[in-house]
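Residue numbers (our numbering), protein chains in the order written: chain A, 42 to 266; chain B, 42 to 266; chain C, 42 to 266; chain D, 42 to 266.
The C-beta atom is built at its ideal place from N, Cα and C for all residues, glycine as well.
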DNA sequence: GATGAATGAGGGTTCATTCAT
DNA sequence: TATGAATGAACCCTCATTCAT
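See below:
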């Protein structure tokens, strides 16, 4: 479908000094500018409702230029989602590495997770991906794999350490990690996704949710220690 | 220019010569036929990517006929989603009313819930709604309200009965109900939504998930009884 | 173009008592009802912008019935214009036959003419005919011939009598008749036709116009008598 | 959704990334080409019966291009009528400024006027405007105001000069100007408008008409001089 | 290399006309 | 006979993509 893509990896070409004249579509600043415009338009309107003209306008570049950097609308969209995913899931896992107590750590991570996933921008991005993932399955897979999945793996690894340390008693760590994450955003994630909630959850609400999540989780998996 | 030939409130009215109120689009079989075609197309492709021509073809009726039954693409879509929601969430709550023991009841309900929500059709429907709910907020609200919300309320009522009977000890019943539901589909819901899983979860997997959910839930909220 | 027309003349069939069951499209009341609906819609919106549905609604009959009485939209339109013309130009020429003095008679006729031709309904009808007369030339010809032309002929005949009586001295009576008619509506006809005037001319204005018309006309064609 | 790419006041504006104000539709030759095609189609068929596809074909440009230069069918039509009016009424008033005798001047002007207004193209244009002026009142007003009205004003000014010079005795100059103009095209204007005449009036006929008009006019308003 | 004017297939919608009831 | 649901061609308009400048 996307043969001939110009920017397969996120290669920004390390040898920009060797040749003054760059090959078409190799100016990272321009690329960023386009992606930035695309972000505003795609995330706000979704893939179909967004027009290349809108993006042209939002990015402040000409139509032709976009087509130099991206083969077509789809590829531009894919590149944007890739970027967006990286932005969203950056700096999410710090809480798991700070070495505080179990309850504190889980609480901090849970809050960060729930805040992130219910923030307006992230919600829109998720909706945009969900909307398209039937038509562009790769895109959904990639997004989940390098986004939520990564978080899950980190959490599972953390739980594994706790189990090994005797602080938790979990038979299926993978499952437990999913359980904790879902408990943290219980009730709110789907409500936000479907637009049933028009307001972003307050920090207080999220804290309450996560506090209960930690309690339930520890009631199930905690040890006497 | 000539709207108002449909059966809604905007019907012409006011013209003194209009003998009978024209009420077009009354044949339920035709209506069903159209909706059925719309389902195939909308659910498969989403609102934007679906064309009225596609639907025309899928439904086996002429374009004009669709516009006798539905004012425009949006109304057809809304009618379809309404239908779809009713179909999906029918017969979901029986498990809660069969009067078996707590563990059995929760397990039965959890399995029904998880099976339903991860079935291919229901997933596609959910994606379709999520995709559009920014542009048609009412639609998302309605879908959630009369779908998942209804299930949540039934479950909360059931939990309330158990608390009153001393079988559970829950301080925030509403929250607990969300927790149980999310525990039942933990891990799989998002994976399905983003298309990370291409295969529908097996019944075995769901049973495992729900069994764990019940255990965790009862560990947190069960009483000695 | 209109072969197969069902109602060539305005025959209302004199033998309606001979057979109880009428041939399709022969009920004069129904015909009138349809034409009445068509009038409202066609005259208000013009041929193209009017839809058969509008007419259906305005007439209070079914689509099928209209097509029993009239072969198609065009024929219905033609029949309506025919009717309209008859209505408009009825009782226009009485002033010419009352036997008063020249000045009085010309004034009375001129006023009647100018009032008629600038009345909102008549203006709309004229616009409707003018709009279509390129596409349906017959219709314009017929309308003019049996409408304005008829008035012109009556006026010319009247002037002829005056010339014969020595009350006027006119070399080209035909031309003089046109001149008088145009003098009566001078300035206002075109202004109304183009919608430059949004208000119908007042009777006072018309009287002034006609008074001047008579004066000019008599200055040119009057004799000492 | 993407309006605002035209050169009118609704231009996007406000998007901070829009570098240069995009101003599409700037090539006068192309614009002319489109208007030329539109002329052929609109003037021949009228607003409603003309399709944008017809115009596309007649102009030899693509559909999209038309929409770059004109926001929609209506705007294209308005632009065309504007153009048409300018073309029609250019060089109409020279006769009034050549400084010949009254009779000669009036005759020359009257002939020019009558020739113009009954020429096939001008007639069609007038019909087209009259047809639409109920639905687009501004358009009719403008056409009359800047077309016929302008001629009328020039004529009235000319008559005023003659009155001041004692060559004519007119109490209501405005009215007299209308009278002269209408006398010049007496009989033929309406006949042409309704298509009663299929042939354009001959120059001879018009000369006869105008000669009579001048005679009548001077009989009414002339002085001994 | 960058531009944006041009393209034309395809979008949603309307409506004159037909025909089974 | 009268009805109005059904038809599908044709309507106006949009937009992803190309290519001359």
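From which residue to which residue does the alpha helix (DSSP H) around residue i run?
{"i": "residue 130 of chain C", "result": "114-130"}
{"i": "residue 197 of chain D", "result": "189-205"}
{"i": "residue 88 of chain A", "result": "85-90"}
{"i": "residue 78 of chain D", "result": "69-79"}
{"i": "residue 262 of chain B", "result": "244-262"}
{"i": "residue 156 of chain A", "result": "143-158"}
{"i": "residue 108 of chain A", "result": "104-110"}
{"i": "residue 170 of chain B", "result": "161-173"}
{"i": "residue 96 of chain B", "result": "93-100"}
{"i": "residue 214 of chain B", "result": "214-225"}
{"i": "residue 230 of chain B", "result": "229-234"}
Could you tell me if the beta carbon of residue i falls within a distance shorter than 7 Å of some heavy atom in the ligand GDP?
{"i": "residue 138 of chain A", "result": "Ligands in the displayed structure: none, and consequently the ligand GDP is not present."}
Please classify residue i as buried or exposed, where buried requires at least 16 neighbouring CB atoms within 10 angstroms.
{"i": "residue 161 of chain A", "result": "exposed"}
{"i": "residue 258 of chain B", "result": "buried"}
{"i": "residue 101 of chain D", "result": "exposed"}
{"i": "residue 206 of chain B", "result": "exposed"}
{"i": "residue 105 of chain B", "result": "exposed"}
{"i": "residue 265 of chain C", "result": "exposed"}
{"i": "residue 64 of chain C", "result": "Low confidence applies here, because residue 64 of chain C scores a pLDDT of 49, under 50, leaving its location unreliable; read the following figure in that light. Answer is exposed; the Cβ neighbour count stays below 16."}
{"i": "residue 218 of chain A", "result": "buried"}
{"i": "residue 80 of chain A", "result": "buried"}
{"i": "residue 169 of chain C", "result": "buried"}
{"i": "residue 222 of chain C", "result": "buried"}
{"i": "residue 103 of chain A", "result": "exposed"}
{"i": "residue 128 of chain A", "result": "exposed"}
{"i": "residue 232 of chain A", "result": "buried"}
{"i": "residue 145 of chain A", "result": "exposed"}
{"i": "residue 126 of chain A", "result": "buried"}
{"i": "residue 55 of chain B", "result": "Any answer about residue 55 of chain B is weak, because its pLDDT of 38 lies below 50 and its placement is not dependable; what the coordinates show is given next. Exposed, by the Cβ-count rule."}
{"i": "residue 189 of chain B", "result": "buried"}
{"i": "residue 212 of chain A", "result": "exposed"}
{"i": "residue 253 of chain C", "result": "buried"}
{"i": "residue 68 of chain B", "result": "exposed"}
{"i": "residue 132 of chain C", "result": "exposed"}
{"i": "residue 243 of chain B", "result": "exposed"}
{"i": "residue 113 of chain D", "result": "exposed"}
{"i": "residue 183 of chain C", "result": "buried"}
{"i": "residue 73 of chain C", "result": "exposed"}
{"i": "residue 8 of chain C", "result": "Residue 8 of chain C cannot be examined here, being either before or after the span of chain C that is shown, 42 to 266."}
Quick one, are the C-beta atoms of residue i and residue j less than 8 Å apart?
{"i": "residue 209 of chain D", "j": "residue 216 of chain D", "result": "no"}
{"i": "residue 229 of chain B", "j": "residue 155 of chain B", "result": "yes"}
{"i": "residue 158 of chain C", "j": "residue 247 of chain C", "result": "no"}
{"i": "residue 89 of chain B", "j": "residue 166 of chain A", "result": "no"}
{"i": "residue 214 of chain D", "j": "residue 195 of chain D", "result": "no"}
{"i": "residue 99 of chain D", "j": "residue 82 of chain D", "result": "yes"}
{"i": "residue 134 of chain A", "j": "residue 192 of chain A", "result": "yes"}
{"i": "residue 93 of chain B", "j": "residue 107 of chain B", "result": "yes"}
{"i": "residue 256 of chain B", "j": "residue 197 of chain A", "result": "no"}
{"i": "residue 251 of chain A", "j": "residue 97 of chain A", "result": "no"}
Our contact map puts residue i next to residue j with C-beta atoms below 8 Å; I'd like the distance itself, whole angstroms only.
{"i": "residue 227 of chain A", "j": "residue 220 of chain B", "result": "5 Å"}
{"i": "residue 235 of chain D", "j": "residue 181 of chain C", "result": "4 Å"}
{"i": "residue 172 of chain C", "j": "residue 84 of chain D", "result": "Not really, about 13 Å apart at Cβ, beyond 8 Å."}
{"i": "residue 185 of chain C", "j": "residue 199 of chain D", "result": "At roughly 32 Å, the Cβ-Cβ gap does not stay under 8 Å, so residue 185 of chain C and residue 199 of chain D are not in contact."}
{"i": "residue 150 of chain B", "j": "residue 137 of chain B", "result": "6 Å"}
task: Please list the residues of the stretch 73-107 of chain B that have a C-beta atom closer than 7 Å to any C-beta atom in chain A, keeping them in chain order.
output: Cβ contacts with chain A: 87, 89, 90.
task: Quick one: which residues of the stretch 214-232 of chain B get their C-beta closer than 7 Å to a C-beta of chain A? List them in chain order.
output: Within the stretch 214-232 of chain B, the residues whose Cβ lies closer than 7 Å to some Cβ of chain A are 216, 219, 220, 223, 224, 227, 228, 231, 232, listed in chain order.
task: Pull out every residue of the stretch 108-121 of chain A whose Cβ sits closer than 8 Å to any Cβ of chain B, in chain order.
output: Residues: none.
Chain C contacts from the stretch 242-257 of chain D (Cβ-Cβ distance under 9 Å): Residues 249, 250, 253, 254, 256, 257.
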